[in-house]
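Residue numbers (our numbering): 253 to 582.
Backbone N, C-alpha and C define an ideal beta-carbon position, used for all residues, glycine too.
Here the structure is laid out as structure tokens; the discussion comes afterwards.
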Amino acid sequence: MEFIIESLLTPLGFFSDPNRRLYWVYLLFSLFVFLFFVFKKNIYCEIKSKAMLNKDSLWLDVKLWLFNSVIRSFVGLFAFISLSATVLLFVKFLYIMLPHWSPLQINYTIVTVFLTFVSFVVFDFLRFFQHYLMHKVSFLWHFHQVHHSATYLTPITLYRMHPVENLISAFRRIGGQTFVFGSFMFIFGSSVNVYDIIGVNAISFVANFALSNLRHSPLPISFGLLEKVFISPAQHQLHHSSNPKLTHSNYGVVLSLWDKLWGTLVLYNKQDIKYGVKNLHLQNQGFYHQLITPFSLCLQQYKSFAPNLKSFIRYPFNLIAKTGENIHEV
Ligand SMILES: [Zn+2]
Ligand SMILES: [Zn+2]
């Protein structure tokens, strides 16, 4: 019981953790920007016509946020993988592969600045690529639709995720961090300390401060031409449109350069949008449906794939059998 209460209280910690988008300083800053724009009449009209507050959608965001926090705390109890352990293992692996390597001796500050930059670029790309796959691979899309089924966007919509997607994100995060931090420790040796580098988040701090919370809000803030480099809140709102052409665009988190390279970039042009997912089983569904429907959709899809999958799996054995027969005949 105590554990459940503690887990349910975990989301409160999100407001005091600078690594979370819901950190109170970011929220306060977003609120100021929000109010500033709302008092400009034209923006207010735009918001009103675009999204009326949908309490059911907001309540579902909160329920999924709390549910995911309980799961995260529960998994955390049994987690045997810790970042420092995987980083050190990766460094060991690199030393086994290149036993004669001697680390470069470079100024600590230069290495830290370089590491901050590389981490930002690599992690941002990995987040983009995972998001791209969540849309392009049909099994993954069933789970990602939970996020897209929101019909009203608030900063909490960020946590409206199916636990399966959260699990995939956790593996992506630990994989990316292990690779970048491990490589740096290997290349620069004692100039980099595993505990220091885990705290490197200067660029994400700035990115969070710069309107990240307003990505999930009805406020369409555009960056104009800069949208070709950075994803604006308005561009992410286009991504939440129920129009499939817009849904499958703007996958980036901070940089939009990845979308430009992949041909999925759409700039904000005061498009008229409605949030949600079209003709799909999750729209306007309750909490349990959101959790279970993705699994049943996967099962249905597996069944339609199954005959091909079985023949594919049997194929090598068929081949061996035929070759055997041929040998006999010869
Ligand atoms: Zn998406
Ligand atoms: Zn979103």
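Any non-hydrogen atom of ligand 1 closer than 7 Å to residue i Cβ
i	result
Met386	yes
His491	yes
His414	no
His396	yes
Residue i versus the options, residue with shortest Cα-Cα distance
i	options	result
Asp524	Asn359, Lys497, Glu417	Lys497
Val314	Phe475, Ile408, Arg425	Ile408
Ile426	Phe342, Tyr554, Leu280, His541	Phe342
Leu280	Tyr554, Leu318, Tyr503, Ser464	Ser464
Val398	Ser474, Gln542, Phe557, Glu479	Gln542
Gln489	Leu477, Gly528, Leu478, Leu509	Gly528
Ser309	Val365, Leu350, Val481, Ser469	Ser469
Val322	Lys512, Pro415, Asn495	Pro415
Phe436	Leu346, Ser474, Cys550	Leu346
Lys512	Ala337, Lys526, Leu477, Arg467	Leu477
Residue i: CB within 7 Å of a non-hydrogen atom of ligand 2
i	result
Thr409	yes
His500	no
His383	no
His352	no
His488	yes
Asp541	It is worth fixing the name first, because residue 541 is His in this sequence and not Asp. Because no heavy atom of ligand 2 lies under 7 Å away, the Cβ of His541 does not count as near it: no.
Proximity below 8 Å, CB of residue i to CB of residue j
i	j	result
Tyr411	Asn320	yes
His492	Leu405	yes
Phe375	Gly434	no
Val518	Ile483	no
His400	Thr516	no
Val339	Thr430	yes
Phe440	Pro355	yes
Glu417	His394	no
Gln537	Ser508	no
Pro472	Tyr503	no
Val370	Val432	yes
Leu316	Met386	no
Lys522	Ser494	no
Ser237	Gln382	Given that the chain is displayed from residue 253 to residue 582, the structure contains no residue 237 and the question cannot be resolved.
Trp510	Phe377	yes
Boundaries (first-last residue) of the alpha helix (DSSP H) holding residue i
i	result
Thr436	Just to set this straight, residue 436 is Phe in the shown sequence, not Thr. Here the alpha helix (DSSP H) through Phe436 covers 415-440.
Pro485	485-491
Thr403	Premise fails: Thr403 is in no alpha helix (DSSP H) and is neither H nor E.
Phe380	360-388
Trp510	509-514
Ile348	335-349
Pro496	496-499
Near ligand 3: residue i beta-carbon under 7 Å from a heavy atom
i	result
His399	With respect to ligand 3, the structure shown offers nothing to examine, as its ligands consist of ligand 1 and ligand 2.
Interface flag, residue i vs chain B, CB-CB below 8 Å
i	result
Ile426	The chain labelled as chain B is not found in the depicted structure, where only one protein chain is given.
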